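*Asks:* Be aware that the sequence shown starts at 6, since it is given in the numbering used here, and climbs by one per residue.
Beta carbons: idealized from backbone N, C-alpha and C, even for Gly.
Just so it is clear, the structure is predicted and the values come from calculations on it, not from any experiment.
Below you'll find the structure I mean.
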Amino acid sequence: MQFFKPASNGETLQLFTSSHGRECSIAYGAGSVISGSVILETSQHVQVHQLKVVFQCQVFHDQQLMTNLFCVEEAIPLNDHAMTASSDNRTTVVTAGSYLYLFAIQLPQTNYPPSLTESTFPTVGGTQIRYTIQAFMDYPDNRPTLISNEAPILYLPLVAPRTDPMKDRTATENDAKNTYTMGDRSALLMKAKLTQSSYCPGDECTIQLTTDNNTNTKINHVYVTFITQCSTDQHIITHQAIPVSIPKQTTNHMTHISVPIARSCLPTFDYDQHGIQIHVAHHIILGLTPSTKDDQAPSSPTSSRFFSLGSFYGNSNFSTIKPLQLPITITTLRTSQPMIVEYDRLSQWPTFISTSSQDQQQNDETDLDRQYSVSPSNSIPMDQDEPRLDGQQTHLTVPTRLAPTTLS
Numbered sequence: 006m007q008f009f010k011p012a013s014n015g016e017t018l019q020l021f022t023s024s025h026g027r028e029c030s031i032a033y034g035a036g037s038v039i040s041g042s043v044i045l046e047t048s049q050h051v052q053v054h055q056l057k058v059v060f061q062c063q064v065f066h067d068q069q070l071m072t073n074l075f076c077v078e079e080a081i082p083l084n085d086h087a088m089t090a091s092s093d094n095r096t097t098v099v100t101a102g103s104y105l106y107l108f109a110i111q112l113p114q115t116n117y118p119p120s121l122t123e124s125t126f127p128t129v130g131g132t133q134i135r136y137t138i139q140a141f142m143d144y145p146d147n148r149p150t151l152i153s154n155e156a157p158i159l160y161l162p163l164v165a166p167r168t169d170p171m172k173d174r175t176a177t178e179n180d181a182k183n184t185y186t187m188g189d190r191s192a193l194l195m196k197a198k199l200t201q202s203s204y205c206p207g208d209e210c211t212i213q214l215t216t217d218n219n220t221n222t223k224i225n226h227v228y229v230t231f232i233t234q235c236s237t238d239q240h241i242i243t244h245q246a247i248p249v250s251i252p253k254q255t256t257n258h259m260t261h262i263s264v265p266i267a268r269s270c271l272p273t274f275d276y277d278q279h280g281i282q283i284h285v286a287h288h289i290i291l292g293l294t295p296s297t298k299d300d301q302a303p304s305s306p307t308s309s310r311f312f313s314l315g316s317f318y319g320n321s322n323f324s325t326i327k328p329l330q331l332p333i334t335i336t337t338l339r340t341s342q343p344m345i346v347e348y349d350r351l352s353q354w355p356t357f358i359s360t361s362s363q364d365q366q367q368n369d370e371t372d373l374d375r376q377y378s379v380s381p382s383n384s385i386p387m388d389q390d391e392p393r394l395d396g397q398q399t400h401l402t403v404p405t406r407l408a409p410t411t412l413s
């Protein structure tokens, strides 16, 4: 449902983006094109000074606006057979009817911080980053500006796996660098290792467990908590018991467990520019006991600024074994490709596509899509079982001139 502010004399203004009406979330990133439309309806002739579309990124802290990362706008030409310019050429007379105006916004090949909203990182207070598009229509007199609904944009930076041949060789020669241990050999020793260096949202993360169980207790479950940390806030994505079968009095027992990564998971990312400091990191916590015998995973994710492992892991036969934490890297690319400008060279801002760059953009669109796996270059569904690149679906096409179309 779209919301808008009606004017007293019957004008309404609505804004839609290319992701409107989809059953799944659409994410945009570096190199994306955000296309959309503005619908103006008026029941009588009206004088208009200007119709414009505004795209901005606002940073909030504890629900207070801190800064604008950027704010770009574009005036939409109001030249049509149903409209006439005033004698001073400063206003346009729009006749009664409904009008459709198309627009498109080109995002630069630079990374911005990810969207931090209730849908991507629920917190109480803390930092929020909102990308929005909105339309405004100004009148020549003192009448209030007509404002459209605010369309939220989900933005995720392009993050590729780090490739360092020297580090990869060292890790292969010394596997302990990728292995995390809890317990000791006198009772129970468990080593855990991720089978990949990085994962994308929607992937299944596989963890290899190697256990020396010198106790008389069989291990039937491993308790897994996936935590995302953003600066001082932490968000518990999942907390679940995963069945295993580790016999008592056994050594070097190997098993694998699988942990799903939510499609809404933010990529691992650091941003320290323009007075904005964002650090997104992820950990998987493994434990051998929950807080109570009947403890189950929470029905919904929770968040806190001060997370305590004690809320999940309490007293049991293995209470002296401290849960271990595995850092995990979440990317939006499966392969490393040097496409993004370094942060210290960040000087580009979003721009509205002109007629001269339209054809080139349409030719480049599919290539941009291929750069991404789960989250975005040119917008990718984030919560379908089988995500499809938006380049393979229907786009709003930008006309040769961003001129109005009269709706019947």
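Counting only runs that start and end within the segment 95-159, where is the beta strand (DSSP E) found for 3 or more residues in a row?
*Replies:* Entirely contained in the segment 95-159, the beta strand (DSSP E) runs reaching 3 residues are, in chain order, 97-99, 102-111 and 132-143.
*Asks:* Count the C-beta pairs between the segment 108-119 and the segment 209-228 that are closer than 8 Å, then say yes if the count reaches three, no if not.
*Replies:* Taking 8 Å as the limit for Cβ pairs, the verdict is that the segment 209-228 does not touch the segment 108-119.
*Asks:* Whose C-alpha, out of Q68, N73 and I158, is nearest the C-alpha of S23?
*Replies:* Among Q68, N73 and I158, the Cα nearest to that of S23 is on I158.
*Asks:* Would you call L70 buried or exposed, if buried means 16 or more other Cβ atoms sit within 10 Å of its Cβ?
*Replies:* L70 is exposed by the Cβ-count criterion.
*Asks:* Return the Cβ separation of H261 and T211 in integer angstroms, given the expectation that the two are a contact with Cβ distance under 8 Å.
*Replies:* Contact holds; Cβ gap of about 6 Å.
*Asks:* Quick check on the DSSP output: what are the complete beta strand (DSSP E) runs of length 3 or more inside the segment 245-282, in order along the chain?
*Replies:* Those beta strand (DSSP E) runs which fall completely within the segment 245-282 and span 3+ residues are 255-265 and 274-278.
*Asks:* Does the segment 36-50 come into contact with the segment 93-106, if we say contact requires no fewer than three beta-carbon pairs (one atom in each stretch) closer than 8 Å?
*Replies:* Yes: the two stretches touch, three or more of their Cβ pairs being nearer than 8 Å.
*Asks:* Would the beta-carbon of V229 fall within 8 Å of that of L293?
*Replies:* No. Outside cutoff.
*Asks:* Is DSSP giving I358 helix, strand or coil here?
*Replies:* DSSP places I358 in coil when its eight states are reduced to three.
*Asks:* Let me make sure I understand the geometry here. Which of Q278, Y144 and F126 has the alpha-carbon closest to that of Q52?
*Replies:* Nearest of Q278, Y144 and F126 to Q52, Cα basis: Y144.
*Asks:* For the beta strand (DSSP E) that contains G41, what are its first and last residues?
*Replies:* Start and end: V38 to T47.
*Asks:* Where does the unbroken beta strand (DSSP E) through D208 begin, and where does it stop?
*Replies:* Run containing D208: none; DSSP gives neither H nor E here.
*Asks:* For P82 and F21, I'd like the C-alpha separation in whole angstroms.
*Replies:* Computed Cα separation, rounded: 18 Å.
*Asks:* With C-beta atoms as the reference, is G201 less than 8 Å away from M259?
*Replies:* According to the sequence displayed, residue 201 carries Gln and not Gly. No.
*Asks:* How is the beta strand (DSSP E) around V53 delimited, first residue to last?
*Replies:* V53 -> beta strand (DSSP E) spans V51 to V53.
*Asks:* Given a cut-off of 8 Å, decide if P332 and A286 are closer than it, judged by their beta-carbon atoms.
*Replies:* Yes, they are a contact pair.
*Asks:* Spatial neighbours of A302 within its chain, please: CB distance less than 8 Å, with the 5 preceding and 5 following residues excluded, ordered by chain position.
*Replies:* Because A302 sits at a pLDDT of 38, beneath the cut-off of 50, its placement in the model cannot be relied upon, and the following sentence gives the value as read from the coordinates. The residues are T243, H244, Q245 and A246.
*Asks:* Can you give me the Cβ contacts of L161 inside the same chain, cut-off strictly under 8 Å, excluding the 5 residues immediately before and after it?
*Replies:* A32, Y33, G34, P119, S120, L271, P272, T337, S380 and P381.
*Asks:* Starting from N219, follow the beta strand (DSSP E) in both directions and report where the run begins and ends.
*Replies:* No beta strand (DSSP E) holds N219; DSSP gives it neither H nor E.
*Asks:* Rounded to the nearest angstrom, what separates A156 and C76 at their Cα positions?
*Replies:* Rounded to the nearest angstrom, the two C-alpha atoms are 15 Å apart.
*Asks:* Considering only their Cβ atoms, is the gap separating V38 from A109 smaller than 8 Å?
*Replies:* Cβ distance < 8 Å, so A109 and V38 count as in contact.
*Asks:* Assign T72 to buried or exposed, taking buried as 16 or more other Cβ atoms, counted over all protein chains shown, within 10 Å of its Cβ.
*Replies:* Result: exposed.
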